[in-house]
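Chemist:
Residue numbers (my numbering): 520 to 667.
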């Protein structure tokens, strides 16, 4: 990991280094079980969706101008994030449930069918599909200034 090098060359205060090292070590341990990998990706997609939707509101409150109305590109990106991110998070939860079902099956072939390579392939496929599902909403949505 790159944090070993950063920790050795940084100052002698190791408290922040230790917290970061433990955090990234914990994240690395989630990449060994397929269902936890699905749940981490679902949480990440939901986080991106929430940030993409809630980011313009404080700017609108601070400046008095809504960026989604002023910029057509920002309006399109937020609608793609809203649709695609929500679909991807839901698909990840479904895949985690399917993985949990396969782990409880009696058949050994079903238990071993969900490997990490297949999980990453499924995640990539569904990420592209969810972006593809959100693209029409982004293409055909336009920023219309409010009247009044």
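The C-beta atom is built at its ideal place from N, Cα and C for all residues, glycine as well.
Small disclaimer: the values here were computed from a predicted structure and weren't measured.
Are at least three pairs of beta-carbons, each pair with one atom in the region 586-606 and one in the region 561-575, less than 8 Å apart?
Modeler: Touching, yes.
Chemist: Does the contact criterion of 3 or more C-beta pairs under 8 Å hold for the region 628-648 versus the region 575-585?
Modeler: Counting Cβ pairs under 8 Å, fewer than three are found: no touch.
Chemist: Looking at the unbroken alpha helix (DSSP H) that takes in residue 632, where does it start and where does it end?
Modeler: As a first step, residue 632 is located in the chain shown; it is residue number 113 there, counting from the start. Premise fails: residue 632 is in no alpha helix (DSSP H) and is neither H nor E.
Chemist: For residue 673, which option in 537, 594, 536 and 540 has the closest C-alpha, if you only look at C-alpha atoms?
Modeler: Given a span of 520 to 667 for the chain in the structure shown, any question on residue 673 remains unanswerable.
Chemist: Which residue's Cα is closest to the Cα of residue 565: 633, 607 and 658?
Modeler: As a position in the chain shown, residue 565 is number 46, starting the count at 1. Comparing Cα positions, the closest option is 607.
Chemist: Does the distance from the C-beta atom of residue 611 to that of residue 561 stay below 8 Å?
Modeler: The sequence position of residue 611 within the chain shown is 92, counting from 1. The sequence position of residue 561 within the chain shown is 42, counting from 1. Their beta carbons are under 8 Å apart, which means residue 611 touches residue 561 by this criterion.
Chemist: Tell me which residue opens and which closes the alpha helix (DSSP H) that residue 569 is part of.
Modeler: Taking the first residue of the chain shown as position 1, residue 569 is located at position 50. Unbroken alpha helix (DSSP H) run through residue 569: 553-573.
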